[in-house]
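This report refers to the structure that appears directly beneath it.
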Amino acid sequence: MSLLNASGLSLISLGEPAAGADLTRRKPAELEALALAAAEALEGAPAEEIAKWATDTFGSRFCVTSSMADAVVAHLFSRVSPGVDVVFLDTGLHFPETLKVRDTVVRTMNVNVRSIRPRLTVGQQDGEHGPRLFARSPDQCCFLRKVEPLERALAEYDSWATGLRRDESPTRANTPVVAFDAKKGKVKVNPIAAWTQDDVDAYISRWNVPVNELFKKGYGSIGCWPCTRRTKAGEDPRAGRWAMFEKTECGLHV
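What follows is the structure in structure tokens.
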């Protein structure tokens, strides 16, 4: 596939588009080369162009992941590639408002939402690891309820998209639009990495995209209810996540 710049000139050839569910798994070295070339060629490109490159390149071996804080990335891909898989990690500890966004996406968008659950229910986890694991060992809880389920869900894909943005926190300031995740051996696509909150708000307004109602109630970033609080005026939007711990990420993006 050749990428085009604004003048319609070919930028770089990034391999043949994927075609059909029988597409064979690419080797990590090929995926890494694709990611490195795309990261350079697509930097500064519109989110729709980045999304189209991803779905054209990986076909059925591509999915979108969404936390359902909003449905911006799911909606973006529904326009570019109707019927695309959208993976949602149903931890069993989500706010009802988060599940409402997911259910709205299922009902209104042309995507295939896959709700992936942990191997253990919350009750089973309490039985094996003791109650309130999230309060004693949040990293372990995140691994059991998010990291392992995502790894399991991504097993059939070569690439996945996220809604990571550079302006969300200092730890995400250098997020590339396309990267190779060596740990997972897959290509990670971040089509709205360069967007600001104003860009997100404008997209939501234009397309009437579902948004988690908790944002209107003082939450700056939304995860599982035991580990999420409202943010205070002037705080980083993610300050309300794991506020009692020196922890800023759940482990999905490291």
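First residue of the sequence shown? That's 1176 in this note's numbering, and the numbers climb one at a time after it.
Where is the CB? At the ideal position from N, CA and C, for every residue including glycine.
Only a predicted model underlies this, so the values are computations on that prediction, with no experimental measurement involved.
Around the beta carbon of A1328, 16 or more other beta carbons sit within 10 angstroms, so the residue counts as buried. With contacts defined by Cβ atoms closer than 7 Å, V1248 and V1262 do not form a contacting pair. For the pair T1337 and N1383, the CB atoms are not nearer than the 7 Å cut-off. Rounded to the nearest angstrom, the gap between the Cα atoms of F1270 and C1317 is 16 Å.
By the CB criterion at 7 Å, F1252 and A1216 fall outside the cutoff. Of all alpha-carbon atoms in L1268, F1233, V1276, the one lying nearest the alpha-carbon of D1260 is that of F1233.
Take the alpha-carbon of W1335 and the one of G1398: they are about 20 Å apart. With respect to the C-alpha of D1333, the residue from R1340, P1351, D1356 having the closest C-alpha is D1356. For V1255, the uninterrupted alpha helix (DSSP H) segment begins and ends at 1247-1255. For C1238, no alpha helix (DSSP H) segment is defined; the enclosing uninterrupted segment is the beta strand (DSSP E) at 1237-1240. Secondary-structure assignment with DSSP links W1228 through no beta bridge to anything. The three-state secondary structure of D1265, taken from DSSP, is coil. Look at I1367 here: in three-state DSSP terms it is coil, with no helix or strand label. For V1281, the uninterrupted alpha helix (DSSP H) segment begins and ends at 1271-1283. In the three-state reduction of the DSSP assignment, R1289 falls in the strand class. Going by DSSP, F1355 is part of the beta strand (DSSP E) stretching over 1353-1356. A1354 and P1324 have their C-alpha atoms roughly 21 Å apart.
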